[in-house]
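Q: Below are the structure tokens for one structure; questions will follow.
2 protein chains.
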Amino acid sequence: MASISRSSLRLRSVMRVPGARTISTTPHLRAAAKPFFADEPTAPKLSTAIPGPKNKAAAAELDKVFDVRSINMLTDYSKSVGNYIADLDGNVLLDVYAQIASIPVGYNNPHLKQVAQSPEMITSLINRPALGNFPSADWAEILKTGILKVAPKGLDQVFTAMAGSDANETAYKAAFMYYRQRERGGPEKEFSDAELESTMQNQSPGSPQLSILSFKSAFHGRLFGSLSTTRSKPIHKLDIPAFDWPQATFPSLKYPLEEHAQENAQEEQRCLQEVERLIKEYHNPVAAVVVEPIQSEGGDNHASPAFFRGLREITKRNNVIFIVDEVQTGVGATGKFWAHDHWNLESPPDIVTFSKKAQTAGYYYGNPALRPNKPYRQFNTWMGDPSRALIFRGIIEEIERLGLVEHTAQTGAYLYSGLERLAQKYPEHFQNLRGKGQGTFIAWDTPKRDEFVAKAKGAGVNIGGSGQSAVRLRPMLVFQQHHADILLESIEKIIKQL
Amino acid sequence: MASISRSSLRLRSVMRVPGARTISTTPHLRAAAKPFFADEPTAPKLSTAIPGPKNKAAAAELDKVFDVRSINMLTDYSKSVGNYIADLDGNVLLDVYAQIASIPVGYNNPHLKQVAQSPEMITSLINRPALGNFPSADWAEILKTGILKVAPKGLDQVFTAMAGSDANETAYKAAFMYYRQRERGGPEKEFSDAELESTMQNQSPGSPQLSILSFKSAFHGRLFGSLSTTRSKPIHKLDIPAFDWPQATFPSLKYPLEEHAQENAQEEQRCLQEVERLIKEYHNPVAAVVVEPIQSEGGDNHASPAFFRGLREITKRNNVIFIVDEVQTGVGATGKFWAHDHWNLESPPDIVTFSKKAQTAGYYYGNPALRPNKPYRQFNTWMGDPSRALIFRGIIEEIERLGLVEHTAQTGAYLYSGLERLAQKYPEHFQNLRGKGQGTFIAWDTPKRDEFVAKAKGAGVNIGGSGQSAVRLRPMLVFQQHHADILLESIEKIIKQL
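If you read the protein sequences in the order shown, they are chains V and E.
Counting from 1, position 29 in the first sequence corresponds to residue 29 in this note's numbering; the numbering is continuous, with no gaps.
Numbering-wise, this note's numbering comes out as the position in the second sequence, counting from 1, plus 1000.
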């Protein structure tokens, strides 16, 4: 614990001298790896209470035209560097929330800056294509050297989208079309007159009463189809019409996992049986099961690889499409490029959706039968944004250059060890510490969670919660051991204030 | 008609000399206004049959990873300028389809190029914010000098989105929350336990069985909520579950309008009565009516300002939100900035949605009660993309600098007159010519529509259809009289081949 208390001193000294940047001389930092960003601050800097006067004034101004009640902090992105986010009042925080888990390689990453200035970027910004009709000459190349370069094993095709919600919804649409095509007897079968007529009335058989099975506490987005599979919190769903789709129980594991192996295995078996029962019995037939590798908005709920292998088997056995929603878990944060890489599946998911750290969105698939049988069935005007696809390619290049997936696995292990020590020291503030071996995708429950998150800024860190009682860590992939040290000492500082 | 045949010769001569660019010396061009783009081609250029060998090879390569069955042409954007789109084989076409009506100020617009290289653009590309939580310091300024500068009269607030579908769906969500809040007795009323519990089951009262009323032949998007209001073609809807929402008949006007004034007025009254009847009687109560000023995918179906004023009155009288979907009609193409500016409404729509030519998306509103009563009810991670908001600001600057709305009204009148002449000459190919006084937002029906559109490229123009039998013109706002001349001569050339 020595290093934590030493650097706690360092942090406090920084905080007494607003405006000053301090180069740390603590031994654990001298020994640490070289920072990825030459110009990154070496510690948080607190200049005012947060929100400070400039932030308050700017929020009041913005409120006139844009709902600001969800604002966390107005941000000066020009002064944000690497893992550090700056506000308008001179405060600079270590950011382990990272735009709701969506910044992968740091603020003002120099390589992304080059990408942003490239001729391809400029042309894609000013000549936005309708990708389904008029893709650019180099669209295949952009996909192959970017989005598809990191395609999950077994999946070699992509439908591009704008964000997590529409990535999931277009995946659901692909599953519904696939399901009905199978019922109809194959891709060459024509639609019946009854289908053609009834769909214009939003009635079956043309608009069939099929369903997507999701899990309790799941989050898959907030548009009408995705929201019907989202079961995180009432506030996400209230007053919005929803489809009558089934939900299964997600395993509720007991921690530490080592001490509850048998109970947890039984819990997962129970949940799997419920999934299969719902698939067989639900009144609106199930076309697909969608699941997050870690339920990320719903409270950082984990399940074992065996559970997910079980899901893959059940969906296969029942001819149901298996959709893995990697919107929050994908792109390296769990110490694998895709979180489902941890599962050792015998056959890949049918569909994997992505967004957030990819900075663009879409779904991967491999089975050619998941391409609808006719053109224009899966289509919209823009079908994504090549500008954001270029940014993802730049992100992939950074990840490869710096080895950020393996790096995150290692930093995550280091961070997890530090949190285990804190959990031993402050057991009342650390329940169900989880995410071991999952990179920096770490969370724990704490009875005063909202207070904890609110006090974090005063301790120099920007941190988020998930579900009812979890603190969730979502550092960037460029988060290093010296950042972990600062985070650990900040957490201890917050705990002492609770 | 003299000028048409003169420049037909010019076009043909260009087409006999692949690779050559020809500066026209025909009198009507010498007299025309100065081109907006100094380096824009003066005529289409055909080098190969379309698609040519390079385009075919590139499409085959792309097909391995991306569904290409809807591809119109692979595009060389670096060689596309102003109103002209270039393919990979050296063909350069006058583009009056413009990425499905979404390019406003020309390919490689020099001002947008400056915007794309600006420091604000670079920071927004590489530091993508979660706009609801961490907006940039200048977000209010970007909104006020951009998106909100052109806000429809009476609407001074915006919720930003990614594309037309989610712009409409978030508007629907706002309408549903507003409707239930009124039922509940006001914004300060808390949700009941029954609501909190039932919404997690996707059941009412928490997930109420409310509806959005849309019109037959309407197009509002292809995600689950928007698709439930889309009634354009079966292929858009088949196999996808839909909400049980009502559809009213959209007026079917007879042309020429002057000769059928009384019939058309009666037809519109009939449709309005149906709307009011559905609002009063439909089993799933109607929270909002959504309508396009011109049904743009469903066949370029128009209605009179009186019809829309009637809709505004009916929705007001019945406490139903009136949503105007300006995704395709907005941003100048009808000769007004917003198509609903043509209606002279006494009170503005409750919500206006936008996308396409805005290059970003969202919905405008004015009534503060349309902000949900609690934060995080209308929310998602990115809530749009500031990069695209900056592009829209640049577009607005170009529109103002060049007076492109008034310009489009004038060019549209010129083009419409030319089409009237062609319609007189070839009545069998021009039915229901429409869009008079609606800028360049012009269409007509023709019995061989698909063949017409297919042959257009061979005549040097890229042109699209809508609905079952309409040719729709969707030139950019930088479309000028000399482009209209080329388009008119190309249309005549196509007709002669049918």
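Backbone N, C-alpha and C define an ideal beta-carbon position, used for all residues, glycine too.
Note that the structure is predicted; figures quoted are calculated from it, not measured.
Residues of the region 1377-1392 of chain E in Cβ contact with chain V at a cutoff of 8 Å, in chain order, please.
A: R1377, Q1378, F1379, N1380, T1381, W1382, D1385, S1387, R1388 and I1391
Q: Measuring straight from C-alpha to C-alpha, what distance separates P1027(E) and K1034(E)?
A: Any reading at P1027(E) must be qualified, since the residue scores a pLDDT of 39, below 50, and its modelled position is unreliable; the value itself is stated next. If I take the Cα positions, the gap works out to 14 Å.
Q: Using a Cβ cut-off of 9 Å (strictly closer), state whether F1215(E) contacts chain V.
A: no
Q: What's the C-alpha gap between P368(V) and P1104(E)?
A: Per the coordinates, the alpha-carbon of P368(V) lies some 36 Å from the alpha-carbon of P1104(E).
Q: Got a sec, what are the start and stop residues for the alpha helix (DSSP H) D1450(E) sits in?
A: R1449 to A1456
Q: How many Å lie between T1353(E) and E1188(E) at the Cα?
A: 27 Å
Q: By DSSP, does V275(V) sit in helix, in strand, or in coil?
A: helix
Q: Apart from the five residues on each side of it in sequence, which residues of its chain come closer than 8 Å, Cβ to Cβ, to A1311(E)?
A: Note on identity: in this sequence residue 1311(E) is Leu, with Ala being the wrong assignment. Excluding residues within five positions, the ones whose Cβ falls inside 8 Å are L1272, V1275, V1289, V1291 and F1322.
Q: Is there a Cβ of chain E sitting closer than 9 Å to that of F479(V), yes or no?
A: no
Q: According to DSSP, G464(V) sits in a beta bridge with which residue or residues?
A: R472(V)
Q: So, at 7 Å on beta carbons, what are the nonlocal neighbours of W1343(E) in its own chain, with the 5 sequence-adjacent residues on each side left out?
A: P1305, F1308 and R1309
Q: Using a cut-off of 9 Å between C-beta atoms, extract the partners of V1158(E) located in chain V.
A: V65 and F66
Q: Using the C-alpha atoms, what's the distance from I122(V) back to Y97(V)?
A: 30 Å
Q: Report yes if the C-beta distance between N301(V) and F250(V) is below 9 Å; otherwise report no.
A: yes
Q: Quick one: does W1338(E) have its CB under 9 Å from some CB of chain V?
A: Proximity of W1338(E) to chain V, defined by a Cβ-Cβ separation below 9 Å, is not satisfied.
Q: Just to confirm my understanding: we take Y1426(E), look at its own chain, exclude 5 residues before and 5 after, and list those with CB closer than 7 Å. What are they?
A: I1495
Q: Within the continuous beta strand (DSSP E) that includes L253(V), where are the two ends?
A: Here L253(V) belongs to no beta strand (DSSP E), and DSSP marks it neither H nor E.
Q: What is the DSSP secondary structure of S417(V), reduced to helix, strand or coil?
A: helix
Q: Kindly identify the DSSP beta-bridge partner or partners of Y84(V).
A: Paired residue(s): V81(V) and L94(V).
Q: From L1088(E) to A137(V), what distance separates their C-alpha atoms?
A: So the two alpha carbons sit approximately 7 Å from each other.
Q: Within 10 angstroms of its Cβ, does F1479(E) collect 16 or more other Cβ (buried), or is it exposed?
A: buried
Q: Going by Cα to Cα distance, which pick from K1356(E), G1458(E), K1457(E) and R1434(E) is closest to R128(V)?
A: Looking at the Cα atoms, K1356(E) is the closest of the given residues.
Q: Classify T145(V): buried if its beta carbon has 16 or more other beta carbons within 10 angstroms, exposed otherwise.
A: exposed
Q: Among residues of its own chain, excluding the 5 on either side of G1154(E), which ones have a beta-carbon nearer than 6 Å to its beta-carbon?
A: P1348 and G1366
Q: Consider the Cβ of A1058(E): report whether some Cβ of chain V lies at a distance smaller than 9 Å.
A: Yes, A1058(E) counts as interfacial toward chain V.
Q: Could you check what DSSP says for H1302(E) in three-state terms: helix, strand or coil?
A: strand
Q: Can you tell me the Cα-Cα spacing of E1120(E) and E40(V), whole angstroms?
A: 20 Å
Q: Taking the alpha-carbon positions, what's the L1094(E) to Y1084(E) distance?
A: Roughly 5 Å separates the two Cα atoms.
Q: So, is the C-beta of T1075(E) closer than 9 Å to a C-beta in chain V?
A: yes
Q: Counting beta carbon pairs with one atom in the region 254-271 of chain V and one in the region 167-184 of chain V, are three or more of them shorter than 8 Å?
A: no
Q: To test your reading of the DSSP string, which unbroken alpha helix (DSSP H) runs of 4 or more residues are found completely within the region 389-443 of chain V?
A: 404-425
Q: The beta strand (DSSP E) spanning Q1157(E) covers which residue range?
A: From DSSP, the beta strand (DSSP E) with Q1157(E) extends over Q1157 to A1161.
Q: Once the 5 residues before and after L1131(E) are set aside, which same chain residues still bring their CB inside 8 Å of it?
A: W1139, T1160, W1382, M1383, G1384 and P1386.
Q: Could you check the C-alpha separation between G1435(E) and R1388(E) for me, to the nearest Å?
A: 29 Å
Q: Using DSSP with H/G/I as helix, E/B as strand and the rest coil, what is Y1282(E)?
A: coil
Q: DSSP three-state label for D63(V), please.
A: helix
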